[in-house]
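Single-structure report; data block below.
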Amino acid sequence: MRRRLLILLALAALALPLHPAGPAGAAPEFPADGFVPGWGRAGAVETYNPSALYNVIDGGAELFLEMGFVGLRVQRYAGAGAEIAVEDYRMDGAAAALGIYLLKCGRETPVAGIAARNSGDAFQVALLKNDHFIFLNNFSGRADLLPVMRELARRLDEAIPAGAAVSELDVLPADGMVPGSALLLRGPYSLQAVYTLGDGDVLLLEGKRFAASASYRDGEGGTHVLIVAPYEDEATAARAFAALASGLDPYLQVVAQGDGRFVFRDFQGLFGSAEKRGPRIEVRVRLARQPGPERP
31 MRRRLLILLA LAALALPLHP AGPAGAAPEF PADGFVPGWG RAGAVETYNP SALYNVIDGG
91 AELFLEMGFV GLRVQRYAGA GAEIAVEDYR MDGAAAALGI YLLKCGRETP VAGIAARNSG
151 DAFQVALLKN DHFIFLNNFS GRADLLPVMR ELARRLDEAI PAGAAVSELD VLPADGMVPG
211 SALLLRGPYS LQAVYTLGDG DVLLLEGKRF AASASYRDGE GGTHVLIVAP YEDEATAARA
271 FAALASGLDP YLQVVAQGDG RFVFRDFQGL FGSAEKRGPR IEVRVRLARQ PGPERP
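Shown next, in the form of structure tokens:
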């Protein structure tokens, strides 16, 4: 059984896109011994390339690889009878780092005293800077170690240069968006975190195109989810729309369709719609009412 599982994981890895490392640059220096009195490095830096990520992340490597994982460095620190591990995931760009950050941090809860964008608590802090997504893991969960984590975060923030602003979320309309609900998607694994439209890469994101999603309030006190997938041209969008229509999950029943648009109902009795608008696809799901023929 274990051998079969390993074979399946290997095949999944082969199906994932390979992401170039992007512009070459020196990795940020990890804080040296004594960054806080009594704290020092516990062992050498561990490094992992994409093919080795399955040995580090139990059951979550596919998401990192799809989103654009380039390399991981791990440095452990010991002090005060405890250990804190820094996991520095370099992604293939700032958008990829933001994408994995949003998917991993859940409801964003910033830790006071850390300047860089972050979310976490005394057990773990997720840190975002440029093309780096970083976990600070406090294995003891002791609240008195939070100042040590803050100092680690501060020094890592200083060591990583600021990157360009990420614009991939700009395809989402601001009006009615539920704060903190926006996500970036880059393939089937990240799409599954939002909604099951079908098996495989039904939006043809192919690990190289970013789609964006967020929850929106409707006029009746409920919410629905909007997914916007932009493509480089209309022909690619048309090909993706055809792939979505033909690969739609069998639990989704098409109840209406027209030129470049169809409406479906899911197993919970909620509705959804998919439509091609120029070089993009817009999908709305978890609608309480069946949308009419007009396009919103």
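Just so you know, we're using the numbering used here here: the sequence shown kicks off at 31 and counts up by one. All residues carry an ideal CB built from backbone N, CA and C; glycine is no exception.
In three-state DSSP terms, what is residue i?
| i | result |
| --- | --- |
| Ser-26 | Shown here, the chain extends from 31 to 326; a query on residue 26 therefore has no answer. |
| Ala-115 | strand |
| Phe-292 | strand |
| Ala-253 | Looking at the sequence provided, one finds Thr at residue 253 rather than Ala. It is a strand residue. |
| Gln-283 | strand |
| Gln-222 | helix |
| Arg-137 | coil |
| Ile-311 | strand |
| Leu-132 | helix |
| Pro-260 | strand |
| Ala-275 | helix |
| Ala-328 | Shown here, the chain extends from 31 to 326; a query on residue 328 therefore has no answer. |
| Leu-215 | strand |
| Glu-305 | strand |
| Ala-108 | strand |
Buried or exposed: which applies to residue i, given that a residue is buried once 16 or more other Cβ atoms fall within 10 Å of its Cβ?
| i | result |
| --- | --- |
| Pro-67 | exposed |
| Val-396 | Since the first residue shown for the chain is 31 and the last is 326, residue 396 is missing from the structure and cannot be characterised. |
| Gln-222 | exposed |
| Leu-44 | Summary for Leu-44: the model assigns pLDDT 41, below 50, so the residue's position carries little reliability; its value from the coordinates is reported in the next sentence. Classification of Leu-44: exposed, given that the 10 Å Cβ count is below 16. |
| Tyr-281 | exposed |
| Glu-59 | exposed |
| Pro-61 | buried |
| Gln-105 | buried |
| Ser-81 | exposed |
| Val-313 | buried |
| Val-293 | buried |
| Val-284 | exposed |
| Asn-168 | buried |
| Gly-330 | With the chain covering only 31 through 326, there is no way to say anything about residue 330. |
| Ala-142 | exposed |
| Val-255 | buried |
Hey, residue i and residue j: beta-carbon distance below 8 Å or not?
| i | j | result |
| --- | --- | --- |
| Ala-57 | Gly-98 | no |
| Ala-275 | Ile-311 | no |
| Ile-114 | Lys-159 | no |
| Gly-101 | Thr-77 | yes |
| Asp-118 | Arg-103 | yes |
| Asp-161 | Gly-206 | no |
| Gly-288 | Asp-296 | no |
| Leu-233 | Ala-241 | yes |
| Leu-199 | Ala-183 | no |
| Met-179 | Val-196 | no |
| Ala-259 | Leu-235 | yes |
| Leu-133 | Leu-93 | yes |
| Ile-130 | Phe-163 | yes |
Identify, in the order they occur along the chain, each residue of the same chain with its Cβ nearer than 8 Å to the Cβ of residue i, setting aside the five sequence neighbours on each side.
| i | result |
| --- | --- |
| Thr-139 | Ser-149, Gly-150 and Asp-151 |
| Glu-96 | Leu-46, Pro-47, Arg-216, Gly-217, Pro-218, Tyr-219, Ser-220 and Gly-237 |
| Thr-253 | Val-208, Ser-245, Tyr-246, Arg-247 and Arg-316 |
| Pro-70 | Position check: residue 70 holds Gly in this sequence, whereas Pro was assumed. So the list reads Asp-63, Gly-64, Tyr-107, Ala-108 and Gly-109, once near-sequence residues are dropped. |
| Asn-85 | Tyr-78 |
| Ala-286 | Phe-292, Val-293, Gln-320 and Pro-323 |
For residue i, I'd like the list of residues in its chain whose CB is within less than 7 Å of its CB, leaving aside the five on either flank, ordered along the chain.
| i | result |
| --- | --- |
| Lys-306 | Ala-267, Ala-268, Phe-271 and Gly-290 |
| Asn-79 | Gly-101 |
| Asp-187 | Ala-145, Ala-146 and Lys-159 |
| Arg-33 | Residue placement at Arg-33 cannot be trusted, given a pLDDT of 41 that sits under 50; the coordinates are not used to answer. |
| Ala-204 | none |
Taking 6 Å as the limit between beta carbons, can you name the residues of its chain near residue i, skipping five residues before and five after?
| i | result |
| --- | --- |
| Tyr-225 | Val-315 |
| Ser-170 | Ala-112 |
| Gln-320 | Phe-301 |
Secondary structure, beta strand (DSSP E): runs of 3+ residues fully inside the segment 140–212: The beta strand (DSSP E) runs of length 3 or more contained entirely in the segment 140–212 are, from start to end of the chain, 147–150, 154–159 and 162–168.
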